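Novice:
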Amino acid sequence: MASGAQDIGQLPPKKTGAAAKWAGFVDFLWNSERKEFLGRNCMSWIQISLFYLVYYTLLAGFFGACLAIFFTTIDMNRPKYIGKDNILRDLPGMGYRPMPDFETTLIRFEQGKPSSYKLYTDHIQAFLDQYENERQVGENYVDCSNSERTDPEKVCRFEVRDLGAECTWQKDFGYDEGKPCVLLKLNKIYDWVPEALSNPNITGDPGRYREKDIMITCQGENPADDENIGPVKFWPASGMPFQFFPYRNQLGYRAPLVMAQFENPANGVVIQVRCMAWANNIYHHRNDKMGSVHFELLVD
Numbered sequence: 081m082a083s084g085a086q087d088i089g090q091l092p093p094k095k096t097g098a099a100a101k102w103a104g105f106v107d108f109l110w111n112s113e114r115k116e117f118l119g120r121n122c123m124s125w126i127q128i129s130l131f132y133l134v135y136y137t138l139l140a141g142f143f144g145a146c147l148a149i150f151f152t153t154i155d156m157n158r159p160k161y162i163g164k165d166n167i168l169r170d171l172p173g174m175g176y177r178p179m180p181d182f183e184t185t186l187i188r189f190e191q192g193k194p195s196s197y198k199l200y201t202d203h204i205q206a207f208l209d210q211y212e213n214e215r216q217v218g219e220n221y222v223d224c225s226n227s228e229r230t231d232p233e234k235v236c237r238f239e240v241r242d243l244g245a246e247c248t249w250q251k252d253f254g255y256d257e258g259k260p261c262v263l264l265k266l267n268k269i270y271d272w273v274p275e276a277l278s279n280p281n282i283t284g285d286p287g288r289y290r291e292k293d294i295m296i297t298c299q300g301e302n303p304a305d306d307e308n309i310g311p312v313k314f315w316p317a318s319g320m321p322f323q324f325f326p327y328r329n330q331l332g333y334r335a336p337l338v339m340a341q342f343e344n345p346a347n348g349v350v351i352q353v354r355c356m357a358w359a360n361n362i363y364h365h366r367n368d369k370m371g372s373v374h375f376e377l378l379v380d
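Heads up: the sequence shown is residues 81 to 380, going by this note's numbering.
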């Protein structure tokens, strides 16, 4: 009895606290008595591995089959929904350059200070690089300056020189003289064809209107902006030729451009500018910017 009592008294003390947690964790990693790793023996690991192998194989196969069926319904050269059925509802919007920071629509610079406007001129030139003549060569390009585009699969060659002699890289796009140039474009909509205006007087400048061009105008958002914006000159004056439409994802397609030069904007005043494209099937709405684009101009 004395020996038994002595043996009981010699049992190691029960671990508590952090030591107990560590011992439990080590036992979970590898239990030498039950030959278990992470709570499972060898057979259990084989069974669960086979289960997940089969499960994820079937899941991947199902996903691949769905993806294959989906791609059979897609035309890589033409959207499924066009015209009034597409998400844009056949209503083109507008874009402009320079816009180096897409979080702001303010074009602000100091006349005669290159460091204040270099970012803008670089952004315009980077966009125009894709319109250089050496990038518009090949059998797919045709000259549309004096004729209609007879083959819809061909694309019209856009001449950068049509954007005016005053709005060039060599002249800092007018920013050095406080006469900034802004590049304007229409967003591409598949198979959209512009229609001639039934009443050119609504543009406010019918003298520049040509029946087969999308005319572009720019004015102040408010009466005060109209007073400060000064005269605006456009190249090409009549706008974007109809020959460039429709866009059908043709190889090498270049959208037509218009350059607007603000010849005498008021200094030290934020001018809110709204530019609009004009065609019978271009609609304008201030809230969703349909058929127009808004930006601010500040010449210090």
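Idealized CB from N, CA, C, for every residue including glycine. In this text the structure is predicted, and so the values were computed from the model without any measurement.
Check for me: the alpha helix (DSSP H) holding K265 runs from which residue to which?
Specialist: Per DSSP, K265 belongs to no alpha helix (DSSP H); it is in the beta strand (DSSP E), C261 to L266.
Novice: Any contact between the stretch 321-336 and the stretch 217-232? By contact I mean 3 or more CB pairs, one from each, below 8 Å.
Specialist: yes
Novice: If you follow the alpha helix (DSSP H) that A391 is in, where does it begin and where does it stop?
Specialist: No answer is possible for residue 391: the residues shown for the chain start at 81 and end at 380.
Novice: Looking only at its chain, what residues have a beta carbon closer than 7 Å to the beta carbon of F325, apart from the 5 residues adjacent to it on each side?
Specialist: W272, V273 and P274
Novice: Once the 5 residues before and after T185 are set aside, which same chain residues still bring their CB inside 7 Å of it?
Specialist: H374, F375 and E376
Novice: Where do the ends of the beta strand (DSSP E) carrying L337 lie?
Specialist: L337 to F342
Novice: Looking at the strands, I want to know which residues DSSP matches up with P321.
Specialist: The partner list for P321 (beta bridge, DSSP) reads D293.
Novice: Would DSSP call F117 helix, strand or coil?
Specialist: strand
Novice: Which first and last residues belong to the beta strand (DSSP E) in which I351 is found?
Specialist: Residues I351 to W358.
Novice: H364 to T283, Cα distance in whole Å?
Specialist: 12 Å
Novice: What separation, rounded to the nearest whole angstrom, lies between the Cα atoms of E257 and F342?
Specialist: Their backbone Cα atoms lie some 11 Å apart in a straight line.
Novice: Per DSSP, F189 is paired with what?
Specialist: Bridge partners of F189 according to DSSP: V379.
Novice: Along the chain, where does the alpha helix (DSSP H) that runs through F207 open and close?
Specialist: P194 to L208
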